[in-house]
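Each residue of the sequence shown is one higher than the last, beginning at 141 in this note's numbering.
Cβ coordinates follow ideal geometry from the N, Cα and C atoms, glycine included.
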Amino acid sequence: MNSQTKNNDFKFRPIGVVQTKIKDEDIGTTRKTNIKRIKINPEFEPALEGIEGYSNIFVLFWMAKSNENRALTCFPRGNNKYKKVGAFAYRGRNHPNPIGLAVCDLLERKKNVLKVSKLDAFDGTIVIDIKPYDNYDIVSKPSTPSWFNEIIASR
141 MNSQTKNNDF KFRPIGVVQT KIKDEDIGTT RKTNIKRIKI NPEFEPALEG IEGYSNIFVL
201 FWMAKSNENR ALTCFPRGNN KYKKVGAFAY RGRNHPNPIG LAVCDLLERK KNVLKVSKLD
261 AFDGTIVIDI KPYDNYDIVS KPSTPSWFNE IIASR
């Protein structure tokens with residue numbers, strides 16, 4: 141559980157760690173195809189009970205690498221063709237709290253180890269929480285900015 145101190149600092153208890161043989165520089169380009177393991181700390185194994193009933197999960201993780209002193213605004217995907225956007229309007233690493241979020245395919249559970257795909261986290265990344273993805277989370281036609289639509293259309 142997390143706890144709050146008197147000066148509003150938060151403390152998280154890591155629940156597990158990401159394991160992969162994929163090199164850091166290849167994580168982004170192989171996100172949709174690579175398979176990773178999340179090794180849950182043994183004391184949290186009971187919290188996994190029933191997770192295998194879901195096809196997808198949210199994984200929240202601590203983005204400790206390459207996150208120091210980043211500006212709170214940036215060009216989307218580094219492309220100065222687009223107007224700068226703020227950290228809260230962009231899914232990048234420039235957030236005040238380096239919390240990563242991925243919707244992953246849950247491929248398998250063996251005791252305290254989950255096998256997942258679509259997780260863009262480095263080897264050794266701390267996992268801070270897992271939540272099941274269900275019908276409440278589906279947004280069939282989300283509204284997105286024009287720069288995002290252009291980037292997606294160009295892929």
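For residue i, name the three-state secondary structure that DSSP assigns.
i	result
residue 259	coil
residue 240	strand
residue 154	coil
residue 193	helix
residue 217	helix
residue 285	coil
Around the Cβ of residue i, are there at least 16 other Cβ atoms within 10 angstroms (buried) or fewer (exposed)?
i	result
residue 160	buried
residue 243	exposed
residue 150	exposed
residue 239	exposed
residue 262	buried
Taking 9 Å as the threshold (C-beta atoms), are residue j and residue i in contact?
i	j	result
residue 217	residue 291	yes
residue 260	residue 198	no
residue 201	residue 265	yes
residue 180	residue 162	no
residue 256	residue 167	no
residue 191	residue 153	no
residue 185	residue 237	no
Please list, in chain order, all residues of the same chain as residue i whose beta carbon is under 7 Å from its beta carbon, the five residues on each side excluded.
i	result
residue 215	222 and 224
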